[in-house]
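In terms of this note's numbering, the sequence shown opens at residue 1 and continues consecutively. As structure tokens, the structure follows; a few thoughts come after it.
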Amino acid sequence: MVLAGYMRILSSEFVRHYLGRMINIHPSLLPKYPGLNTYQRAIHAGDEEHGTSVHFVTEQLDGGPVILQAKVPIFEDDTVEELTARVQDQEHRIYPLVVKWFVEERLAMKDGKAYLDGEALGIHGYAAE
């Protein structure tokens, strides 16, 4: 199951039923800024970068293991709209790739970790550092 822009909290029972078979995309470099208003929060905090994360869905909101991230710079005079556009460009680039891996059964989640081709991914997923 692939989620995108689904702004409802899923029940624990539903998530447990599909655990390891459901992915989501979130507009932040998780674990930073789970939840809403990530662009505003990053700009307000004075962050130098922001981005997007594709992750497995778990019962913890935006807390599942990260599969892949993409980063973008935050410029000094950025507006929320400008930052949103840059992040969404990256979302459109990386989500189809992760969905492809998912359909090809190259991804797995076990013991709270994401795996790609049998290799455990780090906390920031495949694109870490």
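We put the beta carbon where it would ideally sit given N, CA and C, even for glycine. Here the structure is a predicted model, which means the values were calculated and not measured.
Asked	Found
Residue burial classification, Q69 (beta-carbon count within 10 angstroms, cutoff 16)	buried
Where A42 falls: helix, strand or coil (DSSP)	helix
L83, DSSP secondary structure in three states	helix
Reference G35, options V99, Q60 and A85, closest by Cα	Q60
Inter-residue spacing [alpha-carbon to alpha-carbon] between A73 and K32	According to the sequence displayed, residue 73 carries Pro and not Ala. Distance between the alpha carbons of P73 and K32: 15 Å.
CB contact flag (M1, F56, <8 Å)	no
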